[in-house]
Amino acid sequence: MAEISFDEGLVVVIDEPGNCTDVERQLAGVLFESGYVRESYAQAIVDREASYPTGLEFGEHSIAMPHCDIEHVNGPAICMGVLKKPVAWHRMDDPESTCNAELVIMLALNEAHAHLEMLQKVVALLQNQDLVAEIVLSDSAAEAYSLAKDQLL
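Going by the working numbering, the sequence shown opens with residue 854, and the numbers climb by one from there.
Next up, the structure:
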């Protein structure tokens, strides 16, 4: 997998997250403004999430991992949203059900096989519920990034 960009500037602490579409569009906007994705990316994320949701429930803290086809990506990056209020997110394993996502790890990948490798990293993060709790309680992008970087890169 190619080198993936992930830095403090790609972490957003969201105090009032609204709904999952609002969060997706906000994080997609960060990736777009940074040049990692094309203008079509935000809508592609929303469309894909409607058909193939990405909420992952595990223990006390759930994560969502929105992503879309590589044609909408200029360069590989991860954008992370720390949600100060949980957002109902349709689950990957049971699309009719939702989980309360507190952390969103949005992937912008430009290699088809890279999604599986990143999914494995995100699941490993999710399994470390103590670390997820620390990230969710972060008050700043710098703190959240510092906690998550080793797990995601």
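For each residue, glycine too, the CB sits at the ideal point set by N, CA and C.
Pairwise C-alpha distance: residue j and residue i
| i | j | result |
| --- | --- | --- |
| E869 | R891 | 26 Å |
| Q973 | L956 | 16 Å |
| T907 | W942 | 8 Å |
| A967 | E856 | 11 Å |
| M945 | H914 | 15 Å |
| S887 | L978 | 25 Å |
| A895 | R878 | 6 Å |
| L1006 | M933 | 13 Å |
| Q982 | A1001 | 12 Å |
| A881 | N963 | 15 Å |
| V935 | E910 | 16 Å |
Cut-off 7 Å between Cβ atoms - residues of its own chain near residue i, not counting five sequence neighbours on either side
| i | result |
| --- | --- |
| A897 | C921, D922 and H925 |
For residue i: DSSP bridge partner residues
| i | result |
| --- | --- |
| H943 | T951 |
| A961 | A930 |
Same chain, Cβ closer than 6 Å to residue i, five either side skipped, listed in chain order
| i | result |
| --- | --- |
| S858 | A930 |
| R901 | C921 |
For residue j and residue i, believed in contact at Cβ under 8 Å, the rounded distance
| i | j | result |
| --- | --- | --- |
| V876 | A997 | Not quite, the Cβ-Cβ distance comes to about 15 Å (not below 8 Å), so this is no contact. |
| K847 | V866 | Examination of residue 847 is not possible in this model, given that the chain is present from 854 through 1006 alone. |
| L960 | M918 | 6 Å |
> Looking at C-beta atoms only, is the number of pairs between the stretch 947-956 and the stretch 925-932 that lie closer than 8 Å three or more?
Replying inline: no
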